Structure formats: structure tokens, C-alpha cells
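For the sequence shown, the UniProt record's numbering assigns the number 1 to the initial residue and increments by one for each residue that follows.
Don't be surprised by glycine CBs; every beta carbon is placed ideally from N, CA and C.
As the structure is a computational prediction, the values presented were derived from the model and not from experiment.
Note sheet for the following structure.
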Amino acid sequence: MTVPTIIATCKQTRFHLLDDKPSQEIDVEGLTIAVSSAQDKTDDASKPKLKGKTKAKADTRELISDGHLRLKAGVHYGLIGRNGTGKSTILQQTDSAEQGCFEERESGNNENKHKTVLEYAMSSDRHKNDVAEKINLLSKSFETDDPLQPVNAIRRVRHDMVEKQLFLAQKNASLKSGVRGLQARKDLKSVESKHQDSLKLLDQQEPIDGEAVQKDTQAAVEMLQDLQSQFDAVS
1 MTVPTIIATC
11 KQTRFHLLDD
21 KPSQEIDVEG
31 LTIAVSSAQD
41 KTDDASKPKL
51 KGKTKAKADT
61 RELISDGHLR
71 LKAGVHYGLI
81 GRNGTGKSTI
91 LQQTDSAEQG
101 CFEERESGNN
111 ENKHKTVLEY
121 AMSSDRHKND
131 VAEKINLLSK
141 SFETDDPLQP
151 VNAIRRVRHD
161 MVEKQLFLAQ
171 KNASLKSGVR
181 GLQARKDLKS
191 VESKHQDSLK
201 LLDQQEPIDG
211 EAVQKDTQAA
221 VEMLQDLQSQ
231 FDAVS
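Here is the structure:
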């Protein structure tokens with residue numbers, strides 16, 4: 001019977017990964033990916049047994065040995081090779097390799113350690129794409145003669161942000177217990193209230209008064225300028 005096991009290891013690095021300043025590059029040295037299979041060879045009853053013991057043979061095949069993995073944002077990568085050489089296994093293990101490969105310089109809760117290497121490598125692009133989508137939504141709202149379009153756009157952007165906060169708050173409340181859990185549930189209730197208020201504004205059917213239109217339009221202008229600055233900074 002053969003039970004394959006995929007082993008992925010790498011060297012620790014010194015840099016610390018921060019969510020608020022996502023890295024534009026992943027640089028991992030000493031990457032080794034191997035497939036190990038333990039083969040149990042039990043002799044048939046009709047054949048003579050050697051010393052009455054079962055022999056086991058371990059066979060390990062290295063797909064990458066002491067490799068250097070370097071991924072840059074905005075660059076497309078691919079693997080070229082014959083069928084059956086382990087290309088899919090390499091990609092799967094690269095994607096599932098935990099951030100534990102990287103040495104943490106700070107203790108405590110750190111969500112980065114739960115991200116995969118590819119997830120973190122792509123986080124910078126995801127942020128950039130998210131900013132670009134918001135810029136596109138807000139800028140298009142000013143291209144029409146309808147004064148309510150910027151209002152609807154800023155409310156949509158704000159609601160999307162609140163929905164993300166709600167998701168994180170729900171996740172945080174489900175993972176924590178005790179005193180921290182109590183505080184997490186209080187935070188969740190606060191975010192749930194904000195979400196309900198945001199939803200009411202987003203689905204508002206009655207006419208919007210002039211003061212609210214002016215206030216939200218100005219907020220849309222300021223957010224568009226801020227997002228444009230963020231986009232230029234990561235470009």
C-alpha cells in the first residue's frame with residue numbers, strides 16, 4: 001500500500017509581513033518540495049518470509065531541491081515541463097505553503113500567518129484592484145447630469161466597506177472566547193448596527209434632501225481624491 005506525503009520546506013527570512021504595507025515581492029530561499037511514499041511490502045503466505053518480519057521501504061522524490069522562489073507583483077508565471085513531472089504538485093504546494101516559513105518579529109495575533117504565500121503575494125494587487133474599482137465607480141458618477149449619482153456611488157462604496165468590516169467582526173467573534181470574546185461580540189453588534197444604517201441609506205426610496213446631497217457629494221469628491229492618491233502610490 002502506498003500513502004504519498006508531500007513535504008514542503010524553506011528557509012526562514014528576516015522581514016516582517018504587514019497587512020497595511022503589503023509587500024510587492026515574495027523572496028523565499030531554500031525551497032524544497034518532495035513527494036514521499038511509504039511502501040509496505042508484505043510477503044505472500046505462499047512465499048518464505050525473511051525472519052518473520054515485514055519490510056517497509058520509503059521512496060522520496062524531490063521535485064525542487066534548495067530552490068529560490070521569487071514572485072513579483074504584476075508578473076505572470078508558468079511552469080514548463082513534460083506531463084507527470086510534478087508541475088501541478090509544485091503549484092499546489094506553493095499555494096498551500098503557510099506563512100510559517102517567515103520568521104515573525106512580533107508576537108501576538110497576526111493574521112498573516114494564516115495566509116498562503118500566493119495569497120500574500122497577490123494581496124498587493126488585490127488592494128490596487130479594489131482601489132481602481134472604487135475610483136471607476138466614483139468618477140463615472142460625476143460624468144452624468146444626475147446630481148444623485150455621486151450620492152449613490154459614495155453610499156455604495158461605504159456600504160461595501162461596512163460589509164467587509166462586518167465579515168471580519170463576525171469572524172473575530174466566532175474565534176474568540178472569554179473576555180476577548182465578550183469584547184468581540186460587542187464590536188460585532190456595533191458593526192451590525194452600522195451595517196443596518198448603511199443598508200437603509202443604500203435602499204432609501206424617499207427623496208433625499210438637499211443638505212444630504214451636498215454632504216455626500218462632497219464626501220464622494222474627497223474620497224475620489226484620496227483613492228487616486230492611494231492608486232498612484234502603489235502604481
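Do you know offhand how far residue i's Cα is from residue j's?
| i | j | result |
| --- | --- | --- |
| Gln183 | Ser88 | 44 Å |
| Asp145 | Lys194 | 30 Å |
| Glu29 | Ala8 | 12 Å |
| Arg126 | Leu224 | 18 Å |
| Ser198 | Ile154 | 11 Å |
| Thr217 | Glu211 | 10 Å |
| Ala219 | Val151 | 9 Å |
| Asp160 | Asn129 | 14 Å |
| Arg158 | Lys11 | 42 Å |
| Asn136 | Glu143 | 11 Å |
| Lys176 | Thr60 | 41 Å |
| Arg185 | Ala173 | 5 Å |
| Asp209 | Lys215 | 10 Å |
Sorted by chain position, which residues of the same chain lie with C-beta nearer than 6 Å to residue i's C-beta, five sequence neighbours on each side aside?
| i | result |
| --- | --- |
| Gln149 | Ser141 |
| Glu62 | Ala34 |
| Asp27 | Arg70 |
| Thr5 | Ser36 |
| Gly86 | Leu63 |
| Gly67 | Leu31 |
Find the nearest neighbour of residue i within the set the options, judged by alpha-carbon distance.
| i | options | result |
| --- | --- | --- |
| Leu188 | Val221, Ser198, Leu168 and Asp203 | Leu168 |
| Ser65 | Thr32, Lys176 and Gln205 | Thr32 |
| Lys134 | Ala233, Tyr77, Cys10 and Asp226 | Asp226 |
| Ala233 | Ile80, His68, Asp203 and Ala132 | Ala132 |
Enumerate in chain order the residues of its own chain whose CB-to-CB distance from residue i is below 7 Å, with the five nearest sequence positions on each side excluded.
| i | result |
| --- | --- |
| Gln165 | Val191 |
| Pro207 | none |
| Leu201 | Arg155 |
| Gln170 | Leu188 |
Just grab the DSSP bridge partners of residue i for me.
| i | result |
| --- | --- |
| Arg61 | Val35 |
| Val28 | Leu69 |
| Ala233 | DSSP lists no partner for Ala233. |
| Ala220 | Paired residues: none, contrary to the question. |
| Ile6 | Val35 |
Over the uninterrupted alpha helix (DSSP H) stretch that includes residue i, give me the two end residues.
| i | result |
| --- | --- |
| Lys189 | Gly178 to Leu202 |
| Ser163 | The sequence shown places Glu at residue 163, rather than the Ser named in the question. Gln149 to Leu175 is the span of the alpha helix (DSSP H), which, as asked, contains Glu163. |
Considering only residues of the same chain and omitting the five flanking positions on each side of residue i, which have a CB-CB separation below 8 Å?
| i | result |
| --- | --- |
| Met147 | Before going on, a small fix: residue 147 reads as Pro here, not Met. The answer, listed in chain order, is Val213 and Thr217. |
| residue 260 | A query on residue 260 cannot be resolved here, the shown segment of the chain reaching from 1 to 235 and no further. |
| Leu138 | Pro150, Ala153, Ile154, Val157, Ala220, Met223, Leu224 and Leu227 |
| Val162 | Val191, Lys194, His195 and Ser198 |
| Tyr77 | Leu71 |
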